Amino acid sequence: MAPKIAFLIGLTLAGTAFAQGFKPTRPIEVVVHTGPGGGSDLLARSVVAIIEKEKLLPVRMQVVNKPGGGGTVAASYLAEKAGEPHTIGFFTGVWLTGPLTSAEAKVTLRDLTPIARLVLEPALIAVKADAPFKSLSDFTSAAKEKPGQLKQSGGSVTSRDNVVRQLLQRASGGRWVFISFPGGGERIAALLGGHVNMMVIEPAEAGEHIRAGNMRVLAQVSDRRLAAFPNVPTLKEAGFDVPAVPQVRGVVAPPGIPAANVAYWEDVFRKLTRTASWKKYLEDNQFEDGYQNAAELAKFYDDFTGTMRGILQEAGVKIVR
Amino acid sequence: MDVLAGLMHGFALALQPANLLWCFVGCALGTIVGIMPGLGPPATIAMLLPLTFLMNPASAMIMLAGIYYGAKYGGSTTSILLNVPGESASIVTCLDGYQMAKKGRAGAALGIAAIASFVAGTVGVLGLMFIAPPLARFALAFSSPEYFALMSLGLAMVVLLAGHSIVKALLAMLVGLWISSIGTDLFSSTSRFTFGRMELLSGIDFVVVAIGVFALGEVLGNLEAIEKSQLLPVPKGLRNLLPTVQDLKDSRFAFANGSIVGFLVGVLPGGGSTIASFISYGIEKAVSKRPEQFGHGVVEGVAAPEGANNSETGGALVPLLTLGIPGSGTTAILLAALVLWGFKPGPLFISENPSLFWSLVASMYIGNLMLLVLNLPLVPLFAQVLRTPAYVLYPVIFGVSMVGVYSVSGSVFDIGLLAGFGLLGYGMRKLDFPSAPLILGLVLGGALERALRQSLMMSEGSLSILVARPISAVMLSLAVLVLLMPVFSRINAWRQKLLS
Chain A
934 MAPKIAFLIG LTLAGTAFAQ GFKPTRPIEV VVHTGPGGGS DLLARSVVAI
984 IEKEKLLPVR MQVVNKPGGG GTVAASYLAE KAGEPHTIGF FTGVWLTGPL
1034 TSAEAKVTLR DLTPIARLVL EPALIAVKAD APFKSLSDFT SAAKEKPGQL
1084 KQSGGSVTSR DNVVRQLLQR ASGGRWVFIS FPGGGERIAA LLGGHVNMMV
1134 IEPAEAGEHI RAGNMRVLAQ VSDRRLAAFP NVPTLKEAGF DVPAVPQVRG
1184 VVAPPGIPAA NVAYWEDVFR KLTRTASWKK YLEDNQFEDG YQNAAELAKF
1234 YDDFTGTMRG ILQEAGVKIV R
Chain U
7 MDVLAGLMHG FALALQPANL LWCFVGCALG TIVGIMPGLG PPATIAMLLP
57 LTFLMNPASA MIMLAGIYYG AKYGGSTTSI LLNVPGESAS IVTCLDGYQM
107 AKKGRAGAAL GIAAIASFVA GTVGVLGLMF IAPPLARFAL AFSSPEYFAL
157 MSLGLAMVVL LAGHSIVKAL LAMLVGLWIS SIGTDLFSST SRFTFGRMEL
207 LSGIDFVVVA IGVFALGEVL GNLEAIEKSQ LLPVPKGLRN LLPTVQDLKD
257 SRFAFANGSI VGFLVGVLPG GGSTIASFIS YGIEKAVSKR PEQFGHGVVE
307 GVAAPEGANN SETGGALVPL LTLGIPGSGT TAILLAALVL WGFKPGPLFI
357 SENPSLFWSL VASMYIGNLM LLVLNLPLVP LFAQVLRTPA YVLYPVIFGV
407 SMVGVYSVSG SVFDIGLLAG FGLLGYGMRK LDFPSAPLIL GLVLGGALER
457 ALRQSLMMSE GSLSILVARP ISAVMLSLAV LVLLMPVFSR INAWRQKLLS
């Protein structure tokens, strides 16, 4: 009991220092845009578990699923909660790219209050182990010789998979087909079954297939080599001067909350990213620490949206804003 | 480790009191979740995930798997009693199950559902145990053209679901296909038929449509006849409530059919239990000696789909455990759970974690037995629901339907949709349109379209890819045969007339 009281006092002091008195008094509603078990949902539930374990908040947190419309339903829900201090949400890059292509989206990430960026998910470019391609340039030259013959499995046309393809096609002059599969499992099955030639895959998904000798990695979509893949070149090292498009995840709050609240939440999540449990979580999932504070995150929105708009336009996707 | 030694080791672990307890907790939770329309195993497992960090991974896996297959047992309950499908996989069970209940055979329907679930669930585990690795390689041979052929075969089942008029059944199926196209197109990110509503961007969940058309449509239809309607007959005495020996005899083929179809479709990463249940129902009707009675309450029409959706569980674990490839929402969460507990699901998973694998397999035998013992005594209890007078029962069905739909999405918009589909179901009933083809079109439409477009991308626009690949060619031929069945039976009838 004693450490708990000491902790609460400590927290109150910290709270006053950072947030001039804002302290949540009711359970926090944590909004995610996927159903239970989706990427954002699992991240949110893990964050909640770590925050509770490390006692970073004086109240409980409750994950609320608002699936639909590629994040637009959750974003609108947060916008409706304007000024509400006990609600936060977990966003991904989809919240930025989705509104670019759908006129129905009434709220974009920029209408909400940025809190923190938490995670960057790097990716690998993988082929089946018995494929003839030993390097990424083997693949792109083959795609240049026989345009449209090679195939890549991936998610939707606005996904990172397709963005990486667009960038590589532009840099190499090769051309290959992008086939959308709704589920991650189907994408991997299509590659391992030999129905497509290449895919952009998350490191945690690929690791075991590589170890079992079913998959080979040609390059990593990351600015520096990941600890688990020290011998695989990054895109730049493989000779492709293209940006390593990250899959990004972070936290936002409803519009119109006071600066003190923003500071409070920033502090909670900064403390979170320094805990050992968080570092272990990142390591288990092979994510990168992508921590940015509210001001940096706001700037990141603009850069990211601008880049994505250009890439998607070039890919022939209809942009509505 | 050879199979027998592995299984003995697995039973030794699974029979430890703590694991037995967790197995029971999972099965009981699964049954409850299955009975409640809307809330499904993926949501339940995701919510329990943080709790499992405190548990030993084998116990946690045993419990989560228990929720997964336990829900398949419970799902049939509301389908049979209230015409409200508890899970998407139990939609087909409504067709004959609810008709049985109306004839006073609710107990037999519930009983046969539990027995079929037990038989097929056990066959599914046997399949998982003996033929998982070769089967996983077979699953990889399936790609978009094969899925297109599989979905076409499923759609061809429409001629078997048709009532009096094939034309009306086809029209209803077309409406279902259209509803499946609502939302954001995966390939171009274009919105289709969203009418500017962001709620429609991710499409319409077919649970909303199924509950609206089946449950609300049924209630609205019965309201007209309220002054005439009497309580549904419920026979007294336990013996009269359980399936008869004749029921079991009639269901013999359905047990085998459901077990095999469910397992095979489950192994395919793009399959799913809903499709498995439709296909096994179609097969059952196609080979039946009394196809004209399907849809009017035949016991094998409950046994086949209920078996299929249970056996699918064992099948779906094959690609998950042998390849690390999840094929459905629930297996995707189980995969995430394994990662969170520090395992690395993939091709080496079983050989490196034999204890976990075998204790899971053993626990599934135990769990299926527990579920049978848990569910059979509940049958008489549940059958009493039908003694409720209509003025109580119908509002309860309305309430259960709305809570079910709201619990899936938390969206009031979906409740409006539910009301709309209830009216559609009522209209279809008045005009004598069958509702099952509508659901069939809706369930298969999205996957069918995706598979066709993926195939055409693979072949650069040439349709020949669909018939050039052997598995796909065989299934498409089967689909054509099924479509021609009404023609065959007409020729047959004509020949018999000539002969006599």
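First to last, the protein sequences are chains A and U. Residue numbers for the first sequence follow my numbering, so the first one is 934 and each next one is one higher. Residue numbers for the second sequence follow my numbering, so the first one is 7 and each next one is one higher. C-beta atoms are modelled at their ideal positions from N, C-alpha and C, and glycine is treated no differently. Since the structure is predicted, the reported quantities are computational estimates derived from the model, not experimental observations.
- Straight-line spacing of the CA atoms in residue 449 of chain U and residue 68 of chain U works out to 30 Å.
- Residue burial annotation: residue 1247 of chain A is exposed, with fewer than 16 other C-beta atoms found within 10 angstroms of its C-beta.
- Per DSSP, the beta bridge partners of residue 1023 of chain A are A:1184.
- For residue 463 of chain U, the closest Cβ of chain A is nearer than 8 Å.
- When rounded, the separation of the alpha-carbon atoms in residue 405 of chain U and residue 32 of chain U is 27 Å.
- Using a CB distance cut-off of 8 Å, residue 1080 of chain A does not count as an interface residue toward chain U.
- Taking a cut-off of 8 Å for Cβ pairs, the stretch 424-434 of chain U and the stretch 256-265 of chain U do not touch, as fewer than three such pairs fall below it.
- Boundaries of the beta strand (DSSP E) harbouring residue 1131 of chain A: 1131-1134, taken from the DSSP string.
- Judged by DSSP secondary structure, residue 139 of chain U falls within the alpha helix (DSSP H) whose first and last residues are 112-147.
- Among the residues facing chain A, residue 450 of chain U is not included, as its CB has no counterpart in that chain under 8 Å away.
- Under the three-state reduction of DSSP output, residue 1049 of chain A falls in the strand class.
- Taking each of U:304, U:229 and U:476 in turn and checking the Cα distance to residue 432 of chain U, the smallest one comes out for U:229.
- Listed by position along chain U, the residues whose Cβ is nearer than 7 Å to that of residue 1238 of chain A form an empty set, because the closest Cβ is around 15 Å away.
- Among the residues of the stretch 1086-1099 of chain A, those with a Cβ less than 7 Å away from any Cβ of chain U are 1089, 1090 and 1091, in the order of the chain.
- Listed by position along chain U, the residues whose Cβ is nearer than 7 Å to that of residue 1113 of chain A are 192 and 193.
- Residue 418 of chain U: member of the alpha helix (DSSP H) spanning 418-436, first to last residue.
- Pairing residue 976 of chain A with residue 1023 of chain A gives a Cβ-Cβ distance under 8 Å.
- The straight-line gap separating the alpha-carbon atoms of residue 193 of chain U and residue 1115 of chain A is approximately 10 Å.
- The DSSP assignment places 1046-1054, 1056-1061 and 1084-1087 as complete runs of the beta strand (DSSP E) inside the stretch 1031-1110 of chain A, in order along the chain (cut-off: 3 residues).
- By alpha-carbon distance to residue 1041 of chain A, the top candidate from A:1052, A:1049, A:1026 and A:1214 is A:1026.
- Distance from the CA atom of residue 213 of chain U to the CA atom of residue 1172 of chain A, rounded to whole angstroms, is 50 Å.
- Residue 262 of chain U and residue 162 of chain U have their C-alpha atoms spaced approximately 22 Å apart.
- Interface with chain A (8 Å Cβ-Cβ cutoff): residue 140 of chain U is excluded.
- Around the Cβ of residue 106 of chain U, a 10 Å sphere holds 16 or more other Cβ atoms; the residue is buried.
- Chain-order list of chain U residues neighbouring residue 974 of chain A: 52, by C-beta distance under 8 Å.
- Between residue 113 of chain U and residue 386 of chain U the beta-carbon gap is near 6 Å, inside 8 Å, which marks them as a contact.
- In this chain, residue 1219 of chain A is not harboured by any alpha helix (DSSP H), its DSSP state being neither H nor E.
- For secondary structure counted as the alpha helix (DSSP H) over 4 or more consecutive residues, the stretch 51-93 of chain U holds these complete runs in sequence order: 63-88.
- Apart from the 5 residues on each side of it in sequence, residue 1226 of chain A sits with its Cβ closer than 8 Å to the Cβ of 1049, 1199 and 1203 in its chain, given in chain order.
- Boundaries of the beta strand (DSSP E) harbouring residue 961 of chain A: 961-965, taken from the DSSP string.
- By the Cβ-count criterion, residue 397 of chain U is exposed, with fewer than 16 other Cβ atoms from all chains shown falling within 10 Å of its own Cβ.
- Residue pairing from DSSP places residue 996 of chain A in a beta bridge opposite A:963.
- Listed along chain A, the residues sitting closer than 8 Å to residue 352 of chain U by beta-carbon distance are 1140, 1141, 1142, 1144 and 1145.
- Burial check for residue 294 of chain U: the Cβ neighbour count within 10 Å reaches 16 or more, so the residue is buried.
- Segment contact: the stretch 983-996 of chain A against the stretch 190-204 of chain U, fewer than three CB-CB distances shorter than 8 Å; contact not assigned.
- Shown here, residue 489 of chain U sits in a helix according to DSSP, grouped into three states.
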